[in-house]
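Contents: one structure, followed by commentary.
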Amino acid sequence: MANTVIGASIVIDGEISGEEDLIVRGTVKGRITLRENLSVEQGGVVEADIETQNATVSGQVTGNIMASERVEISAGGKMVGDLKAPRILIADGATFKGNVDMDV
Amino acid sequence: MAEPTTIIGELTSVQGNIQGDEDLVVLGRVEGIVQIDRTLVIEPSGVVKADVSVRNVMINGVVVGNVTATESVHIAVDGKMVGDISAPRVVIADGAMFRGKVDMGDVEPVRAEPTQKPEQQPRRSPFARSIPQPARLAAAPPRRPPVEPASEPARRPLQNPPEDVKPAPTPSRKPANSPARPDEEAVKFPEPVTPEETRPLEPSAVPPPAKRRRTGRPPGSEPVPVEPPPPKPRIAVGKRRVSVRKKG
């Protein structure tokens with residue numbers, strides 16, 4: 008399974024686009040456009056608008072997420088921004104501030 | 004313990020700056036600037052259109068941009084690079100493609116040792132026997148070869164002593180000219196009559212037009228070529244006397 012991993016000490020300032028899964032353990036600023044899954048792991052910091060299929064946030068995300076399938080904010084995850092997805096899961100312990108729109 | 008590695012997957016494209024402190028493997032596309040203090044590996048499917056500053060870089064894919072490495076740059080067999088390399092160690096494998104400059108730091112240019120040339124003999128044609136002959140010809144006024152046919156056959160026989168050559172063309176010109184020359188060199192005055200134009204031996208009505216350019220005269224006004232110029236009038240109108248005669 009092809010995978011893009013942004014390591015912990017990496018800072019990307021720009022746009023990321025792809026057709027495969029993306030795992031962010033570092034810092035991404037800008038914009039993320041994926042056709043697959045996005046996973047922001049613990050320690051990952053994303054300041055971007057995200058457009059993806061699935062999104063799993065265990066790190067910090069500041070920006071809007073638009074998912075075509077599902078967004079999950081797990082415990083320990085922190086999100087500030089709008090969510091737009093048909094399915095949303097916000098786990099206990101997660102931090103979230105923003106709008107939720109499930110009417111895709 | 005595997006070091007953390009960042010992987011840009013084959014279907015991923017990153018446009019922007021990448022900075023970090025860990026290894027980076029690019030299978031996809033990166034555009035922008037890459038600054039990593041570790042090793043950058045560009046796989047065969049990777050395309051990097053960026054200026055790269057890394058420690059080591061191993062290029063198996065395509066790189067368009069300048070690469071600055073603090074340790075080494077390695078372009079492998081299937082690597083292609085267009086751009087400048089600046090690194091202390093550079094390896095380009097056989098089969099790789101590269102276009103650009105390579106700067107490996109201070110490289111002393113190798114100087115070829117000066118070869119000891121054999122003593123140079125003056126080239127002489129096998130026919131030239133009298134060595135002073137060219138010198139004599141230079142002493143004679145070179146500007147206009149003498150028209151007299153008498154001098155030419157005199158010059159041709161090579162055994163002729165040079166005296167035949169010198170007096171034959173311009174015996175009177177010599178005294179007229181020789182004081183003139185130092186004057187010309189010492190003083191640059193617009194001379195009303197230039198020595199080369201007044202040829203006492205050739206009172207031709209048509210002075211050579213080529214000479215006139217030295218005085219810048221219009222073609223219409225021709226100086227009187229007939230009279231030999233005395234030294235004094237050759238000095239400028241302002242009646243200034245300048246080193247006409249050699250003092251002492």
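Chains V and H, in that order, give the protein sequences. Using our numbering, count along the first sequence one by one with no gaps and you end on 111. Using our numbering, count along the second sequence one by one with no gaps and you end on 251. For each residue, glycine too, the CB sits at the ideal point set by N, CA and C. None of these values were measured; they are calculated from a predicted model.
Inset, instruction - Compute the Euclidean distance between the alpha carbons of H:V80 and V:A55, then round it to the nearest angstrom. - result: Translated into the one-based positions of the second sequence, residue 80 of chain H becomes position 77. Translated into the one-based positions of the first sequence, residue 55 of chain V becomes position 48. Their backbone Cα atoms lie some 38 Å apart in a straight line.
Inset, instruction - Compare the C-beta of H:L264 against all C-beta atoms of chain V and say whether one is closer than 8 Å. - result: The displayed coordinates of chain H run from 4 to 251. Any statement about residue 264 of chain H would go beyond what the structure contains.
Inset, instruction - Can you give me the start and stop residues for the beta strand (DSSP E) that H:T118 sits inside? - result: Residue 118 of chain H sits at position 115 when you count from the first residue of the second sequence. Per DSSP, H:T118 lies in no beta strand (DSSP E) segment and is marked neither H nor E.
Legend entry - Cβ neighbour criterion (16 or more within 10 Å) applied to H:P170: The sequence position of residue 170 of chain H within the second sequence is 167, counting from 1. Because H:P170 sits at a pLDDT of 45, beneath the cut-off of 50, its placement in the model cannot be relied upon, and the point is left open.
Legend entry - Cut-off 6 Å between Cβ atoms - residues of its own chain near V:N106, not counting five sequence neighbours on either side: In the first sequence, residue 106 of chain V corresponds to position 99, counting from 1. Closer than 6 Å at Cβ, skipping near neighbours: D89.
Legend entry - Exposure of H:V17, with buried meaning 16 or more beta-carbon neighbours within 10 Å: The count along the second sequence starts at 1 and reaches residue 17 of chain H at position 14. Buried, by the Cβ-count rule.
Inset, instruction - For H:T118, count neighbouring C-beta atoms within 10 Å of its own C-beta (all shown protein chains included) and say buried if the count is 16 or more, exposed if not. - result: Position 115 of the second sequence, counted from the start, is the residue given in the question as residue 118 of chain H. In summary, H:T118 is exposed, with fewer than 16 beta-carbon neighbours lying within 10 Å of its beta-carbon over all protein chains present.
Legend entry - H:K83 versus H:A90, H:E13, H:G68, residue with shortest Cα-Cα distance: On the second sequence, residue 83 of chain H is found 80 positions in, with the first residue counted as 1. Distance check between H:K83 and each of H:A90, H:E13, H:G68 places H:G68 closest, using alpha-carbon atoms only.
Legend entry - chain H within 8 Å of V:A82, Cβ atoms only: Here residue 82 of chain V corresponds to residue number 75 of the first sequence, with the count starting at 1. No, V:A82 does not count as interfacial toward chain H.
Inset, instruction - Would you give the residue range spanned by the beta strand (DSSP E) that V:A55 belongs to? - result: Position 48 of the first sequence holds residue 55 of chain V. Per DSSP, V:A55 belongs to the beta strand (DSSP E) from 52-64.
Legend entry - Interface flag, V:N61 vs chain H, CB-CB below 8 Å: Sequence index remark: in the first sequence, residue 61 of chain V carries index 54 (1-based). No, V:N61 does not count as interfacial toward chain H.
Legend entry - Cutoff 6 Å; reference H:S56; Cβ partners in own chain excluding five residues on either side: Within the second sequence, numbered from 1, the residue matching residue 56 of chain H stands at position 53. Answer for H:S56: Q38, T71, listed in chain order.
Inset, instruction - Give the interface partners of V:V18 over in chain H, defined as CB-CB distance under 9 Å, in chain order. - result: Residue numbering aside, residue 18 of chain V sits at position 11 when the first sequence is read from its first letter. Using a Cβ-Cβ cut-off of 9 Å, V:V18 is close to N20, I21, Q22, G23 of chain H, given in chain order.
Inset, instruction - Following the continuous beta strand (DSSP E) through V:D36, name the residue where it begins and the one where it ends. - result: Along the first sequence, read from residue 1 onward, the residue named residue 36 of chain V stands at position 29. The sequence as given places Lys at residue 36 of chain V; Asp does not occur at that position. Note, V:K36: beta strand (DSSP E), 34-41.
Legend entry - Whole-number beta carbon distance between H:T9 and V:I17, since they are thought to touch under 8 Å: Translated into positions along the first sequence, residue 17 of chain V becomes position 10. Translated into positions along the second sequence, residue 9 of chain H becomes position 6. Contact between V:I17 and H:T9 holds: CB atoms are separated by about 5 Å, below the 8 Å threshold.
Legend entry - C-beta neighbour in chain V for H:I62, strict 8 Å: Translated into positions along the second sequence, residue 62 of chain H becomes position 59. Chain V contact via Cβ: absent.
Inset, instruction - Just grab the DSSP bridge partners of V:D108 for me. - result: Counted from its first residue, the first sequence places residue 108 of chain V at position 101. By DSSP's assignment, V:D108 forms a beta bridge with V:K91.
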